[in-house]
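Notes to accompany the following structure.
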Amino acid sequence: MKRVGIIGVGEYLPKKVLTNADLEKMVDTSDEWIITRTGIKERRLAASNEATSDLAGKAAQAALENARLKSADIDLIIVATTTPDAPFPSVACFLQTLIGAKKAVCFDVSAACAGFVYAISIAYQFISRGAYKNALVVGSEVLSRVTDYQDRNTCVLFGDGAGAVVLSEVKSGGILSIYLGSDGANADLLKIPAGGSRHPASQETIDNRLHYIKMQGNELFKLAVTIMTQVAQTALKDAGLECKDIDLVIPHQANMRIIMAMAKKLGLVAEKIYLNIEKYGNMSSASTAVALCEAVKQGRIKKGDIVLLDAFGAGLVWGACVIKW
Ligand code: UT7
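Here the sequence shown stands for residues 145 to 469, numbered as in the numbering used here.
Below, the structure written as structure tokens:
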């Protein structure tokens, strides 16, 4: 088995900012409620002519430059997304053409907020077994297109963005463990009810606003804290490490209170947690991707550091990955 590590990172955030003050004009909410209950101050919105593959393309170009690779060097493209440009073809195929990665095998992964970790786990399998050399793994979302800006329970939470990494064989360090899990019995807690084969688009689904995200936030909150804590512990154990060995946690950014409750249970000080929820809200699969890219660029992750990715989302699905940088 070959060692697999991340050799390049890149992110892209759309320019348009939606602040809590903007949301106060749209629904019955307040800046104070949003900050104290979620930790979010603002989020980014894609322009009307930007789709998920456009965001992915910009993040991917940045990651390729950072890895000092050309698009022709990429053998595999996996995009994690819940908001593809269209039901098919995959975002990965659109991305292939955008960046000109002609020889790459391309597909998407549907694992909601844990999608980036799931996609890394798949690329890891291919590279560690020698099937492919260089993989581009992207988390990209335009959640603003499936967010109901009449529903204060959800519209304050979500934003748009993309993060990309290049995975390749490395001489030292790299991915030490990956742990994934799923629980379809709780699928109803977070979903977009219509637009698929169960409830195809109709006048009724549109009138009932069923093409937007529906969430039972309270139930999810408790599960998120418990599961993200357990997942971190299991992935660390699999890597032969303990919480005290962690240099930086890159958690899914759904709610500041979830992240801090998890950190407390793990006995981690706030300095060991990377946060960007304040600026971007919850970007589903792009949250961990963008957070990892930013942390590297800001020098928060240095060679030899132990980094833990920890994500949880609709499905339910969860995943953690321990990486020695
Ligand atoms: O990304 C994948 C996983 N996602 C998550 O893990 C999300 C988990 N859930 C959460 O982050 C939180 O549950 C929320 C942020 C969604 C909600 O926070 P909460 O503290 O659980 O609030 P709640 O749903 O229990 O609602 C408390 C009150 C309710 O009013 P009443 O019934 O007590 O009168 C809500 O109607 O807050 C009200 N509320 C709001 N008030 C002002 C809900 N949303 C808002 C809002 N502004 N935007």
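In this text, a Cβ means the ideal position worked out from N, Cα and C, and glycines have one as well.
If you're wondering where the values come from, they're calculated on a predicted model, not measured in any experiment.
In chain order, what residues of the same chain lie with their CB nearer than 7 Å to the CB of V466, ignoring the 5 residues before and after it? Contacts found: L320, S321, A379, L380, A383, L385, I450, L452.
Original post:
Could you give the distance in angstroms between the alpha-carbon of D229 and the alpha-carbon of V235?
Top reply: The alpha-carbon atoms of D229 and V235 are separated by roughly 6 Å.
*Using a C-beta cutoff of 8 Å, does K214 count as contacting chain C?*
Of the chains in the structure shown, none is chain C; there is only one protein chain.
Cα-Cα separation between I266 and V249, rounded to whole angstroms: Cα to Cα, I266 sits roughly 13 Å from V249.
Going straight from the alpha carbon of V282 to that of G259, what length do you get?
-> Rounded to the nearest angstrom, the two C-alpha atoms are 9 Å apart.
query: Thinking C-beta only, is V261 closer than 8 Å to A455?
result: Closer than 8 Å, so yes.
| said: Measuring CB atoms only, is the stretch 340–355 touching the stretch 173–187, in the sense that at least three cross pairs come out at less than 8 Å? | reply: Contact between the stretch 340–355 and the stretch 173–187 is absent, because fewer than three Cβ pairs lie under 8 Å.
query = What are the start and end residues of the alpha helix (DSSP H) that includes W177?
reply = Its alpha helix (DSSP H) spans residues 175–182.
Which partner residues does R188 have in the DSSP bridge list? DSSP output for R188 lists V161 as bridge partner(s).
* So what does DSSP say about L419, is it helix, strand or coil? -> Coil, per DSSP.
Original post:
Any heavy atom of ligand 2 closer than 7 Å to the Cβ of T291?
Top reply: Absent from the structure shown: ligand 2. Ligands present: ligand 1.
CA-CA distance, D252 and D175?
Each residue's alpha carbon lies about 36 Å from the other.
inquiry  = Tell me which residue opens and which closes the alpha helix (DSSP H) that A430 is part of.
reply    = Element bounds for A430: 429–441.
Q) Where does S192 land, buried or exposed, given buried means 16+ other C-beta within 10 angstroms? A) Per the 10 Å Cβ criterion, exposed.
Inset, instruction - For the beta strand (DSSP E) holding V369, just list the boundary residues, first then last. - result: Taken as a continuous stretch (DSSP letters only), V369 belongs to no beta strand (DSSP E), being part of the alpha helix (DSSP H) at 361–382.
Does the beta-carbon of W469, which I'm using as the reference point, lie nearer than 7 Å to any heavy atom of ligand 1? Because no heavy atom of ligand 1 lies under 7 Å away, the Cβ of W469 does not count as near it: no.
Closer than 8 Å is the cut-off here; do at least three beta carbon pairs connect the stretch 359–366 with the stretch 326–338? Yes, the stretch 359–366 is in contact with the stretch 326–338.
Say the cut is 7 Å; is the CB of R181 nearer than that to a heavy atom of ligand 1? Placement of the Cβ of R181 at a distance of less than 7 Å from at least one heavy atom of ligand 1 is found.
- Item | Assigned secondary structure, D219 (DSSP; H/G/I helix, E/B strand, else coil) | It is coil, neither helix nor strand.
Look up A471 in the DSSP assignment and give the residues it is bridged to. In this structure the chain extends from 145 to 469, so residue 471 is not present and cannot be described.
Q) When the Cα of G425 is compared with those of V300, D172, A195, which residue comes out closest? A) The shortest C-alpha separation from G425 is found at V300.
key: Nearest-angstrom Cβ-Cβ length linking G307 and L436, presumed shorter than 8 Å   = Confirmed, Cβ separation roughly 6 Å.
Can you find the residues in the same chain that come closer than 8 Å, C-beta to C-beta, to K292, ignoring five residues on each side of it along the sequence? First, the amino acid is wrong: residue 292 is Asp here, not Lys. Here the set comprises T298, C299, R353, Y356, I357.
Have a look at the DSSP bridge pairing and note the partners of V281. DSSP, once it has assigned bridges, lists I222, V309 as partnering V281.
query: Smallest Cα separation from A331: which of C257, C237, G459, L239?
result: It is G459 whose Cα lies nearest to the Cα of A331.
Exercise. State the start and end residues of the unbroken beta strand (DSSP E) segment that holds Y323.
Key: Segment 318–326, the beta strand (DSSP E) holding Y323.
- Query: Mapping DSSP to helix, strand and coil, what is E348?
  - Reply: Residue state for E348 is assigned as helix, using DSSP reduced to three classes.
Nearest-angstrom beta carbon gap, M427 and L287 [assumed within contact, 8 Å]: Beta-carbon to beta-carbon, L287 and M427 are separated by about 7 Å, close enough to satisfy the 8 Å threshold.
**Request:** Could you give the DSSP three-state label for G259: helix, strand or coil?
**Result:** In the structure shown, G259 sits in a helix (DSSP, three-state: H, G or I).
| field | CA-to-CA distance, L392 to E363, given in whole angstroms | value | Each residue's alpha carbon lies about 28 Å from the other.
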